[in-house]
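Residue numbers (this note's numbering), protein chains in the order written: chain C, 95 to 319; chain L, 262 to 731. For each residue, glycine too, the CB sits at the ideal point set by N, CA and C. Here is the structure we will look at, set down as structure tokens.
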Amino acid sequence: MRILVIEDDEEAAAYLARNLRGAGHSVDHALDGDAGLKMASAGNYDAYVIDRMLPKLDGVSLLARRREENDETPALFLSALGEVDDRVAGLKAGGDDYLVKPYAFPELLARVEALGRRRGPANVTTRFGVGDLELDIISRTVRRGGKKIDLQPREFRLLEYLMRHAEQVVTRTMLLENVWEYHFDPQTNVIDVHISRLRSKIDKEFDKPLLQTIRGAGYTISDAD
Amino acid sequence: MLRLLRTTSFRFTLIYVLLFSGAVAILGGYVYQATFGAAAKQTDEIIAGEISVLTELFASNGPNSLGRVIRQRTAWRDDGLYMLIVAPPGAVREGNLTALPPEALQAGESFFDFNYERSLLDAAGREIGIEAREARGRITRLKSSPESSSWYVLLVARDVAGREGLRERSQSVIFRSALATIVLGLVIGLLFSRSLLRRVEAVNQTARAIRGGDLSQRIPLSGGGDELDHLATSLNVMLDQIERLMTGMREVSDNIAHDLRSPLTRIQNRLTIALEDDAGAKEQALRATLEDTERMLATFNALLSIARIESGEGAGAMEPVDLVAIAQEMAELYEPAAQEAGLSLVLSVGPTPLVTGSRALISQAIANLLDNALKYAAGASRIEIKVESAAGGGAILSVSDDGAGVPDSDRERILQRFVRLEESRSTTGSGLGLSLVAAIAHAHNADLSFGDGSTTGFEIVLQFPPSERD
Chain C
95 MRILVIEDDE EAAAYLARNL RGAGHSVDHA LDGDAGLKMA SAGNYDAYVI
145 DRMLPKLDGV SLLARRREEN DETPALFLSA LGEVDDRVAG LKAGGDDYLV
195 KPYAFPELLA RVEALGRRRG PANVTTRFGV GDLELDIISR TVRRGGKKID
245 LQPREFRLLE YLMRHAEQVV TRTMLLENVW EYHFDPQTNV IDVHISRLRS
295 KIDKEFDKPL LQTIRGAGYT ISDAD
Chain L
262 MLRLLRTTSF RFTLIYVLLF SGAVAILGGY VYQATFGAAA KQTDEIIAGE
312 ISVLTELFAS NGPNSLGRVI RQRTAWRDDG LYMLIVAPPG AVREGNLTAL
362 PPEALQAGES FFDFNYERSL LDAAGREIGI EAREARGRIT RLKSSPESSS
412 WYVLLVARDV AGREGLRERS QSVIFRSALA TIVLGLVIGL LFSRSLLRRV
462 EAVNQTARAI RGGDLSQRIP LSGGGDELDH LATSLNVMLD QIERLMTGMR
512 EVSDNIAHDL RSPLTRIQNR LTIALEDDAG AKEQALRATL EDTERMLATF
562 NALLSIARIE SGEGAGAMEP VDLVAIAQEM AELYEPAAQE AGLSLVLSVG
612 PTPLVTGSRA LISQAIANLL DNALKYAAGA SRIEIKVESA AGGGAILSVS
662 DDGAGVPDSD RERILQRFVR LEESRSTTGS GLGLSLVAAI AHAHNADLSF
712 GDGSTTGFEI VLQFPPSERD
């Protein structure tokens with residue numbers, strides 16, 4: 095992915111760029127809002143990572159201007175302001191995701207990669223498949239190897255989210271935000287337990303586990319070995 | 262004294278006194294005119310009437326007849342009417358005055374006032390003295406026949422001594438009342454201003470004390486429940502809020518210093534050793550350091566959240582929310598985790614009115630309480646989330662467990678930031694979970710209490726006030 099990072103803290107920007115490159119992405123970065131806007135207008139990026147508070151032009155206005163120009167590049171806001179109102183303001187301005195500082199890099203990486211996938215016809219797909227696991231949104235059925243698997247409504251949504259982001263890392267917070275629509279960090283292993291229940295239904299009786307735990311980051315559903 | 266004169270209330274009083282005195286003067290003038298003016302007019306009319314009757318009599322019957330009538334009419338001297346007919350060339354012919362008063366000739370045919378003397382009589386009619394009296398009268402000149410060249414002079418007068426005295430008294434009464442009004446008004450104004458000034462001064466004193474650093478000072482109330490009391494009450498509430506925030510801030514900075522010192526020291530030690538050690542130890546030290554810094558960042562995040570919620574920011578829009586729905590979602594979210602921990606998570610909900618709140622914050626509070634129960638409820642076998650309507654309107658949300666509970670003596674303490682009881686020192690946690698719950702409760706004007714002891718373990722009860730829309 096080509097990613098534009100607009101972040102005024104030079105050290106933070108360099109850290110982000112290095113890590114994103116380490117994950118196989120190409121990264122440009124701008125240190126203020128004006129420069130960021132110019133680069134965004136000129137370049138063809140797959141995702142923006144924008145700090146909310148920037149010198150010269152703040153992140154929210156910057157993105158609002160790009161959206162006026164019909165630039166639909168998905169954007170992730172980074173912010174030290176994490177409360178509901180800030181999040182809502184960021185998403186209203188056209189942001190696709192919102193991450194509160196300080197964050198763990200795997201969290202950011204997972205979210206940025208999820209954003210990149212969001213574009214394209216995948217959004218209108220109603221059937222998803224990973225290996226021999228299939229999920230049909232219309233009939234709300236899940237099959238593995240042709241065998242029907244019964245899931246609770248929440249388990250279905252959990253699996254749906256994972257399969258929409260198949261081959262990608264999905265963090266616990268992303269799951270809590272997107273499957274349960276809650277924005278907080280649980281101190282206990284609530285998400286893990288839901289995952290292990292789901293896993294017992296879709297993986298237990300089969301040879302190849304699809305739902306994998308990525309240490310220090312989250313989960314992924316993948317057919318890869 | 263000078264300050265007193267400059268007070269707003271005194272200025273108002275002054276304006277009021279001036280307006281009121283003006284009104285009293287106008288009213289007094291009107292009353293005076295209506296009574297004494299009318300009386301004076303009446304006197305003049307009586308005199309004029311008498312003169313015209315007597316003039317006609319003189320014209321038709323002549324001086325002798327007039328003299329007779331005057332004699333008869335003045336036989337009683339106490340009705341205060343005086344008549345005198347002077348025949349040419351100047352001798353008194355008849356009447357109850359000894360002579361024409363000197364003012365009579367100057368006045369011509371118009372009314373005039375004069376003084377005269379009258380003997381005082383006792384009850385038996387004996388003379389016991391002389392008194393000076395005032396009278397008002399008019400003269401007219403009469404001719405016995407058109408061709409005669411000599412004039413008779415007729416005087417008709419009326420005693421006005423009583424009226425004059427009354428007039429003087431009235432004038433002085435009006436003057437004195439006006440004066441009394443002004444003086445009384447000023448005095449009352451000063452008193453009012455002084456009491457007002459004293460109360461404003463009380464506010465000032467409180468403000469000065471607070472400026473001086475004593476945040477516990479409050480404005481005393483007069484107890485009368487007037488608007489100044491209302492003002493003082495709302496200022497006091499504001500001061501409470503400020504004091505709570507200040508105290509909170511002080512506690513937080515103390516606690517941060519205290520609580521972050523140990524991980525920082527640990528990190529420092531580890532790094533020092535790692536610098537000298539082999540690669541394997543270095544990696545281990547770095548991992549441990551990373552864990553420590555992550556925990557510290559989580560602590561800072563939690564602190565920031567608490568601070569923002571307490572300051573009233575960050576709550577998001579407060580809107581009608583359904584506690585039952587939130588509790589159901591949270592129960593669903595935590596049920597697997599509870600089961601894995603060997604606990605049953607029970608949800609009991611009854612019909613509950615909506616409350617004004619933030620779904621995000623309330624769910625956060627429930628999550629913290631459930632996290633706590635999962636982590637700290639020693640020996641518990643069951644966690645219960647209960648939502649029901651409150652007796653006086655509003656709703657009650659409680660999270661309880663049947664574990665070992667928390668000793669009464671520690672209950673208030675655990676709401677404070679960074680407080681972790683000895684038993685829980687071994688587990689991870691920032692000691693901020695319940696502080697956040699308390700902050701969220703406060704943001705919702707909800708009462709936080711520790712339950713009524715009906716459960717054996719620990720219980721936190723949040724009582725939400727009725728939604729304002731009800």
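Check: Is Lys-132 of chain C helix, strand or coil when you go by DSSP?; Outcome: helix
Check: Can you tell me the Cα-Cα spacing of Arg-397 of chain L and Phe-281 of chain L, whole angstroms?; Outcome: 36 Å
Check: Can you say whether His-288 of chain C is buried or exposed, counting buried as having 16 or more other CB atoms within 10 angstroms of its CB?; Outcome: buried
Check: With a floor of 3 residues, list each beta strand (DSSP E) that falls wholly inside the region 97–171 of chain C, ordered by position along the chain.; Outcome: 120–124, 141–145
Check: Taking Cβ-Cβ distances shorter than 8 Å, what residues in chain C pair up with Leu-506 of chain L?; Outcome: Those do not exist, as Leu-506 of chain L stays about 17 Å from chain C at its closest Cβ, beyond 8 Å.
Check: Looking only at its chain, what residues have a beta carbon closer than 8 Å to the beta carbon of Asp-490 of chain L, apart from the 5 residues adjacent to it on each side?; Outcome: Leu-482, Ser-483, Gly-484
Check: Just curious, the beta strand (DSSP E) that Ser-605 of chain L is in, first and last residue?; Outcome: 605–610
Check: If you follow the beta strand (DSSP E) that Gly-356 of chain L is in, where does it begin and where does it stop?; Outcome: 352–356
Check: Below 7 Å on C-beta distance, what does Asn-283 of chain C contact in chain L?; Outcome: Ala-598
Check: If we ignore side chains and look at the alpha-carbon of each, how far apart do Glu-201 of chain C and Val-607 of chain L end up?; Outcome: 33 Å
Check: Can you tell me where the alpha helix (DSSP H) with Leu-623 of chain L in it begins and where it stops?; Outcome: As written in the sequence, residue 623 of chain L is Ile, which differs from the Leu given in the question. That run of the alpha helix (DSSP H) goes 620–637.
Check: With Gly-127 of chain C and Gly-153 of chain C assumed to form a contact (beta carbons below 8 Å), what rounded beta-carbon distance in angstroms separates them?; Outcome: 7 Å
Check: Considering only their Cβ atoms, is the gap separating Thr-220 of chain C from Arg-230 of chain C smaller than 8 Å?; Outcome: Just to set this straight, residue 230 of chain C is Asp in the shown sequence, not Arg. Cβ distance < 8 Å, so Asp-230 of chain C and Thr-220 of chain C count as in contact.
Check: Step through the CB atoms of chain C and report whether any lies within less than 8 Å of the CB of Ser-687 of chain L.; Outcome: Because the pLDDT of Ser-687 of chain L is 47, which lies under 50, any placement of that residue in the model is unreliable, and the question is left without a value.
Check: For the region 211–251 of chain C, list the beta strand (DSSP E) runs that are entirely contained and at least 3 residues long, ordered along the chain.; Outcome: 221–224, 227–230, 235–238, 241–243
Check: Using a 10 Å radius around the Cβ and a threshold of 16 neighbouring Cβ atoms, would you call Gln-262 of chain C buried or exposed?; Outcome: buried
Check: Whole angstroms are fine: how far does the CA of Phe-222 of chain C sit from the CA of Gly-640 of chain L?; Outcome: 44 Å
Check: If you measure from the beta carbon of Pro-196 of chain C to each beta carbon in chain L, is any gap under 8 Å?; Outcome: yes
Check: Buried or exposed: where does Arg-460 of chain L fall if 16 or more other Cβ atoms within 10 Å of its Cβ makes it buried?; Outcome: buried
Check: At 8 Å on the CB atoms, spell out the chain C contacts of Ala-621 of chain L, in chain order.; Outcome: Val-178, Tyr-276, His-277, Phe-278
Check: How many whole angstroms separate the CB atoms of Asp-101 of chain C and Leu-114 of chain C, which I take to be in contact at a CB cut-off of 8 Å?; Outcome: Contrary to the premise, residue 101 of chain C reads as Glu rather than Asp in this sequence. Incorrect: roughly 12 Å between the Cβ atoms, too far for contact.
Check: Can at least three beta-carbon pairs, one atom from the region 470–482 of chain L and one from the region 271–289 of chain L, be found at a separation below 8 Å?; Outcome: no
Check: Along chain L, which residues have their Cβ under 7 Å away from the Cβ of Arg-248 of chain C?; Outcome: Glu-593
Check: When the cut-off is 8 Å and only beta carbons count, does Val-154 of chain C lie next to chain L?; Outcome: no
Check: Apply the 10 Å Cβ neighbour rule to Glu-311 of chain L and answer buried if 16 or more other Cβ atoms are within range, or exposed otherwise.; Outcome: buried
Check: Is it buried or exposed, Asp-538 of chain L, if we count other Cβ atoms within 10 angstroms and call 16 or more buried?; Outcome: exposed
Check: Which chain L residues are close to Arg-291 of chain C, counting only those with a beta carbon under 7 Å from its beta carbon?; Outcome: Pro-597
Check: Can you name, in chain order, every residue of its own chain whose Cβ lies under 7 Å from the Cβ of Leu-565 of chain L, other than the five neighbours on each side?; Outcome: none
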